[in-house]
Structures are given as C-alpha cells and as structure tokens.
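K.L.:
Protein sequence lines correspond, in order, to chains F and W.
Under the working numbering, the first residue of the first sequence carries the number 833, and numbering increases by one thereafter.
Under the working numbering, the first residue of the second sequence carries the number 833, and numbering increases by one thereafter.
Glycine included, C-beta positions come from ideal geometry on N, C-alpha and C.
The structure displayed is predicted, hence computed values, not measured ones.
Okay, handing you the structure first.
2 protein chains.
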Amino acid sequence: MKATESKYNQCLYFAANTLARKVEKLALESWKPVDLSPSHAYLLMMVLEEPGLQPCCLSDHLQLSPSTITRLIEKLEEKKLVSRIIEGKMTLVYPTEKGIALLQTLQKCAKDFHNNSCCLIEKEEREAMVLNMCCLADKLS
Amino acid sequence: MKATESKYNQCLYFAANTLARKVEKLALESWKPVDLSPSHAYLLMMVLEEPGLQPCCLSDHLQLSPSTITRLIEKLEEKKLVSRIIEGKMTLVYPTEKGIALLQTLQKCAKDFHNNSCCLIEKEEREAMVLNMCCLADKLS
DNA sequence: ACTCATCATTTGTACATACAACTTCACAAT
DNA sequence: ATTGTGAAGTTGTATGTACAAATGATGAGT
C-alpha cells in the first residue's frame, strides 16, 4: 500500500516518519561505496571541510545530540578515518590521511544521492518542500 | 542552531530526519497520558476501530515492517491492551476490555497532537506539506 | 497423498538515535 | 587559594525500526 492511501495519510507523525525512513534507505544505498551510513558520511565531510571542528559544532550543524555525535566519531575513529585531540575541555576532530583520501568518493556519493532523490520531484517543488520541512522542524524545537 | 541555518539545510536527508525526530518528540509528549508511544497508540486505535485486523494490514496502513508490527503487538499484549488469536496461517488482533476502555483518551491524545502541531503552521500549508511528503515517500518505495 | 512454493508471522540481531547521569575542565566570585 | 558554576564531552541504557532467516500453514501440481 502507498503512503498516500493509508488511513493516516493526513497525519504529520505518519508522513514525517514514513518519509524519513524511505529517505534513509535511499541514502544508505547512495553511501554504500564508502561503507558508511549517511550520518557518518556527513560528519566526515564536515570534518574534511573544516579540520579541527568540535563535537558541539557538529551537533549543531547535523542537528544530532552530543551523545550521538560521540558515537559517530567513535566509529569513524575505529575505521581510522578521523582522530580526536583533547585540548583542555574541548575535543578537536581531525581527518586522518585515510579520511582525506575518501573526500572525492564522498562527494560523488552525495551528488548521487541528490540526483537520485531529485529525479523524483521537480527541483523547485523539492527545494520548497525541504525548506518547509526545516522551518517546521525549527518551530518544533 | 536552527535547522534552517545548518550547513545542510538544503539536503533532503537532513530535512526529513530532523523533522521526523522533532515530530516524534512532540508526539511522544502528546501520548504520554496513555503511557504509549505514538506507534503503539496508532496501532491500538486501528485495532479498536477494526477488531480482528491482521498484522499485515496494520503493516500496510502504518507503513511499518511486519517485524516491527509484531514487536508493537507484543508490547500491547504485555500491557493487556490487545490479544492475538491465531487462525490458520493468519493472526487476528483484538482489543481487550482494557484496550477498549482507552479509546476516548487515545482520541483526545490524537486531537491534542494534531492541535499542537497545527498551531505552528497554516492549515492549508500543513495539509499540502503532508500530502507532498506522502507523495515523495511513495516515489521512494 | 506427497512435495513444493508461497504467504503471514515471528525471532535473532543490528543500527540510529536520545536521555540522564557522570566526568573533567575552565573560569568567576569570594 | 577555594569554592562553585557551568559547559563540553562521554558512558550506560533504552527506544524505534528494519533485515535476514526461521517457522508454520495453505494450496497447487503431480
């Protein structure tokens, strides 16, 4: 059955969750080439763009809780893609050589994901929708 | 930081997930009076409306995987709110007395959730957005 | 009647995320 | 110098969900 045909197709809870799960699935597929989940990949991309970023900053930009950020970094550290340097009460996250080497592939994955989701919906509509979703999310914080 | 200000505010993955998590939070709050998570509550409401419903039907309407439906039912059974009757290769789910007694409160929670999320956004805009989200979800299946 | 494919459901396991409690450090007030 | 306060980060634990494999029942083909 399609989401639009469900009994709860007018419910925000239903719509938001269903969409998120399906987008997650598409994203997972898109980032398979680097063997990372989308969240790990986005975090790594941020660190590559701004080496030495702090967890709290990552938490802000990715809108994930600090504890989740810790867990994501832990896994990337296990994979030797980033490393943490503790400096006073701050933690700085740097990409490793291996992480840096992944940049190109990561960008390609991001582009593929974007293309895959774009081809399903008009560009303008998509952009408006994403903006609306972000606005609504802000109102819910 | 707001979602609209994030580095990834144009990314569908980001928008869909952030929104879903915040909606989940609001919904959790709304259904606290019945001490059920939103998913459990919606499942129970479906069963109350159509006693004897099968898991596969619940799976269709709630757009959750069969295994997730099993887990949800298990918990509702523990709480003595529904009971399963196995009939051949099918399973029928019925509400118990205790479940039936909860109907009114459940409906009030649903209404509260709806009101809480509605007051943040124009009715028309909201409806259009939810419809768009469902459509996009369908295209992603 | 026997076997096989199929469907509905369940079980084991894993992932993404969050909350609450804790640690550690820095800085301000005394 | 001592104490208190608060921020940054981590850890233990819990929730929601899914996938893959297993179970069990039905029905078709032989």
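So with CB distances below 7 Å, who are the chain F contacts of W/Gln-886?
P.N.:
To locate residue 886 of chain W, count along the second sequence from 1; it is residue 54. Those within 7 Å of W/Gln-886 in chain F number zero; the least Cβ separation is about 13 Å.
K.L.:
Just checking my contact of F/Ala-848 with W/Cys-966 at CB under 8 Å: how many whole Å lie between their CB atoms?
P.N.:
Locating residue 848 of chain F in the first sequence gives position 16, counting from the first residue. Locating residue 966 of chain W in the second sequence gives position 134, counting from the first residue. With 8 Å as the limit, F/Ala-848 and W/Cys-966 do not qualify as a contact, their Cβ atoms being about 10 Å apart.
K.L.:
I want to verify the contact list: residues of chain F whose CB lies under 7 Å from the CB of W/Asp-892, in sequence order.
P.N.:
On the second sequence, residue 892 of chain W is found 60 positions in, with the first residue counted as 1. Near W/Asp-892 (Cβ distances below 7 Å), the residues of chain F are Met-833.
K.L.:
Going by CA-CA distance only, name the one from F/Cys-843, F/Ala-852, F/Leu-858 and F/Ala-835 that's closest to F/Val-951.
P.N.:
As a first step, residue 951 of chain F is located in the first sequence; it is residue number 119 there, counting from the start. Correcting the residue identity first, residue 951 of chain F is Cys in this sequence and not Val. It is F/Leu-858.
K.L.:
Which residues of chain F have a Cβ atom closer than 7 Å to the Cβ of W/Met-949, listed in chain order?
P.N.:
As a position in the second sequence, residue 949 of chain W is number 117, starting the count at 1. Contrary to the premise, residue 949 of chain W reads as Ser rather than Met in this sequence. Result: Leu-844.
K.L.:
If I follow the unbroken beta strand (DSSP E) through F/Pro-927, where does it start and stop?
P.N.:
Sequence index remark: in the first sequence, residue 927 of chain F carries index 95 (1-based). From DSSP, the beta strand (DSSP E) with F/Pro-927 extends over 922 to 927.
K.L.:
Going straight from the alpha carbon of W/His-893 to that of W/Leu-934, what length do you get?
P.N.:
As a working note, residue 893 of chain W is residue 61 in the second sequence. As a working note, residue 934 of chain W is residue 102 in the second sequence. Looking at the two C-alpha atoms, the distance is approximately 21 Å.
K.L.:
Going along the chain, which unbroken runs of the alpha helix (DSSP H) with 4 or more residues stay wholly within the segment 875 to 950 of chain W?
P.N.:
Correct list: 887 to 894, 898 to 910, 929 to 932 and 935 to 950.
K.L.:
Within 10 angstroms of the Cβ of F/Gly-931, are there 16 or more other Cβ atoms? Answer buried if so, exposed if not.
P.N.:
Here residue 931 of chain F corresponds to residue number 99 of the first sequence, with the count starting at 1. Burial call: buried.
K.L.:
Just to confirm the assignment, what range does the alpha helix (DSSP H) spanning W/Ala-848 have?
P.N.:
Residue mapping note: residue 848 of chain W aligns to position 16 of the second sequence, counting from 1. Counting along the chain, the alpha helix (DSSP H) containing W/Ala-848 begins and ends at 844 to 862.
K.L.:
Please identify the residue among F/Glu-861, F/Gln-886 and F/Glu-910 whose C-alpha is closest to the C-alpha of F/Gly-920.
P.N.:
Numbered from its first residue, the first sequence carries residue 920 of chain F at position 88. Of the listed residues, the one whose Cα sits closest to F/Gly-920 is F/Gln-886.
K.L.:
Helix, strand or coil: how does DSSP classify F/Asn-841 here?
P.N.:
Position 9 of the first sequence, counted from the first residue, corresponds to residue 841 of chain F. It is coil, neither helix nor strand.
K.L.:
Hey, is F/Val-855's beta-carbon within less than 8 Å of any beta-carbon in chain W?
P.N.:
Counting from one through the first sequence, the residue named residue 855 of chain F turns up at place 23. So, interface residue.
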